[in-house]
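**Student:**
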Amino acid sequence: MKLTFLEKKHLVIPYAVFLLLFVILPLVVVLYYGFTDGNGNLSFENFIVFFSGTKTMGTLVYSLVIAVITTVVCLLIAYPVAYILAKGAYCRKHSFLMIFVLPMWINFTLRITALKEILSVLEGNLAYYPFVNTIICMVYDFLPFMIMPLYNSLSKLDSSLLEASADLGATSAKTLWHVILPLSVPGIVSGVTMVFLPAMTNYVVLDMVYNSTYIMGSLIGSYFSAYDWNNGSVISAILLMLIGFFTMFTGRVAGEKEVARS
Amino acid sequence: MKKAVQHMVIFLTLLFLYVPIIILSFYSFTSSTMIGSVRGFSLQNYVTLFTEPELISMMVGTVVLALVVAVLSTLLGTMGAIGSFYAKRGTRGLIELANEVPVVNADVVTGFSVCVLLIVLFRIDKATYIPLVIAQCALCTPFAYLSVMPRLKQMDVSLYEAAMDLGATPSRAMFRAIIPQIMPGIASGFMTAVTLSLDDYFVATYTKPATFDTISTYVVNATRGAQTQIKTALWALSAIIFLIVVLAVVCMNVQRKTEEEAQ
């Protein structure tokens, strides 16, 4: 009996080794490259260069601007849609959610190509509005990823709470602000996580609409093409730290919600 | 919210999501080289798509890669999930923490870091496809793990014990008592892995052999100045993929409905 337990437990070994070798180790290597100079000595030089250069800082700011606007626009469109699908006029039609999620399964480069063709007919030349086109394409790409988690969280919301709120005399705006929004924070957090980081790094979208301004992802792409592993690692390390902070922050928010609920 | 406003929001969002792909699919059946200029009906794009060797090898390559990666990821993720389900709490915690990394990490960083490790440091030749397959597995396996784990938590653990008490060998008990119970999780993990691999651009770019292209890398290169013939053949590809996805979703819905009615 003891032996069989050992055997089941040991099934984890291949995946543990895989994670260690191909998930953890690559990140360690990237961080090592990022925090050392050419001779392997510990150095923050690379980061000082990045954070003091106007060009590199401009890239960081531009990626943050793109990511924030994309996330906000996605949220503004996805929230009403998710609410209507979960609690509104469409709440009994589960297949409708599928229609909104379906584009997720079509290759994103093909979807962007389609949108690009439409935009170039509407605008005459895509090069006129590179920034607006970037945002439109990003929103088009990521919208389903925002609708999904919001729907999941809103459909779990107890409808009797909304009725109670109305019975106690709250206006629908008050119900939205004091009941629906707070209870859907976990959905908002996971939606934002799914959109914000990809929007900071998905430089293919910018390439496809001829936006030649760099975002953080483009820097890695260009260092990769130049075989500059050190500088590529610096950017990766910066992104990793950003992701670390981001997940720590969102993790804490989600954690607080769970504490508040219990 | 008023009903009319609700219908309007749903309608406009659907319009935004679907108009581009539907218009492109429509134009793929014409001889136009630009949206807006209507010319005659033509299947030329479809002929090009299935006769141009470059396009065929790109499509076959993408599908084969996705299947290989999905099989490996599902195997690894399922074994990992079963193992960590029965392992000590601490081990499971560590595995789940490491499992989260590729999920929250940017694909650019995942691809670049695996490239630095395998191609730059270990000097594995890109042309062997080993870095590509490993990197895409690193991207997909966590999702396979995450789809199997909830099924393990829901399953009836005593079935396995019963099988063992009745004299089954551990492997027989595993395949007869555990695997069938978690099969839906394994299947959805496999599907997630397939779609992730099909959609991936960044990991593939950093680790693929120079001569190999997936749909994503091919399309991105094609937008940097391709011949019109290739460009419009890709419209045909979009239309086909759109059709496949719609059919798959309809089938899933029909199946779910019949299951619900059966209950």
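So the sequences go chain by chain: C and R. The first sequence begins at 2 in my numbering and counts up by one. The second sequence begins at 158 in my numbering and counts up by one. Quick reminder that beta carbons are idealized off the backbone N, C-alpha and C, glycines included.
1) With respect to the alpha helix (DSSP H) encompassing N202/R, which residues constitute its N-terminal and C-terminal limits?
2) How about the region 299-314 of chain R and the region 193-208 of chain R: do they share at least three Cβ pairs that are nearer than 8 Å?
3) Compare the C-alpha of Y129/C against each of S154/C, M99/C, N212/C, L111/C and name the closest.
4) At a CB distance below 9 Å, what residues from the region 292-316 of chain R approach chain C? Give them in sequence order.
5) Relative to the C-alpha of V225/R, which residue among L391/R, I401/R, A292/R, T326/R is closest?
6) Does F269/R have its Cβ less than 8 Å from a Cβ in chain C?
7) For V30/C and chain R, any beta-carbon pair shorter than 8 Å?
8) If you follow the alpha helix (DSSP H) that N47/C is in, where does it begin and where does it stop?
9) How would you label M149/C, buried or exposed, when you count the other beta carbons within 10 angstroms and need 16 or more for buried?
10) Given that a residue counts as buried once 16 or more other Cβ atoms are within 10 Å of its Cβ, and exposed if not, what is T190/R?
11) Would you tell me roughly how many angstroms separate the C-alpha atoms of V377/R and T72/C, rounded to the nearest one?
12) Strictly below 8 Å CB to CB, what residues from chain C border L289/R?
13) Over the uninterrupted alpha helix (DSSP H) stretch that includes P104/C, give me the two end residues.
14) Can you give, in chain order, each stretch of the alpha helix (DSSP H) that sits fully within the region 253-282 of chain R and has at least 4 residues?
15) Considering only C-alpha positions, which residue in the set Q384/R, D357/R, Q412/R is nearest to L222/R?
16) Please confirm whether E46/C has its beta-carbon closer than 8 Å to some beta-carbon of chain R.
17) Would you check if the distance between the CB atom of V265/R and the CB atom of I221/C is smaller than 8 Å?
18) Which residue's Cα is closest to the Cα of D1/C: D208/C, A238/C, T110/C, L43/C?
19) Could one say the Cβ of F132/C lies closer than 8 Å to chain R's Cβ atoms, at least one of them?
20) Taking 8 Å as the threshold (beta carbon to beta carbon), is H11/C in contact with chain R?
21) So, with DSSP's three-state summary, where would you put F19/C?
22) If you measure from the beta carbon of R262/C to each beta carbon in chain R, is any gap under 8 Å?
23) Hey, could you find the ends of the alpha helix (DSSP H) W178/C is sitting in?
24) Verify the CB distance criterion: does M165/R have a CB-CB separation below 8 Å to chain C?
25) Along chain R, which residues have their Cβ under 7 Å away from the Cβ of N108/C?
26) Can you check which of these residues, L394/R, V402/R, R413/R, is closest to T208/R by C-alpha distance?
27) With 16 other CB atoms within 10 Å as the buried threshold, where does T60/C fall?
28) Can you pull the chain C residues whose beta carbon is under 9 Å from the beta carbon of N410/R, in chain order?
**Tutor:** Working from what's here:
1) Note, N202/R: alpha helix (DSSP H), 201-208.
2) no
3) N212/C
4) Along the region 292-316 of chain R, going in chain order, the ones with a CB nearer than 9 Å to a CB of chain C are A292, C294, A295, T298, P299, Y302.
5) A292/R
6) So yes, F269/R belongs to the interface.
7) yes
8) 46-53
9) buried
10) exposed
11) If you take the alpha carbons of V377/R and T72/C, they lie about 24 Å apart.
12) Those do not exist, as L289/R stays about 12 Å from chain C at its closest Cβ, beyond 8 Å.
13) Under the DSSP assignment, P104/C falls outside any alpha helix (DSSP H); it carries neither an H nor an E label.
14) 264-272
15) D357/R
16) no
17) yes
18) Given that chain C is displayed from residue 2 to residue 263, the structure contains no residue 1/C and the question cannot be resolved.
19) The Cβ of F132/C sits no closer than 8 Å to any Cβ of chain R.
20) yes
21) helix
22) Residue placement at R262/C cannot be trusted, given a pLDDT of 37 that sits under 50; what the coordinates show is reported in the next sentence. Cβ-Cβ to chain R under 8 Å: no for R262/C.
23) Note, W178/C: premise wrong, no alpha helix (DSSP H); not H, not E.
24) Taking Cβ atoms only, chain C never reaches closer than 8 Å to M165/R, which makes this a no.
25) L355, D356, I372, S373, I398
26) L394/R
27) Result: buried.
28) H95, S96, M99
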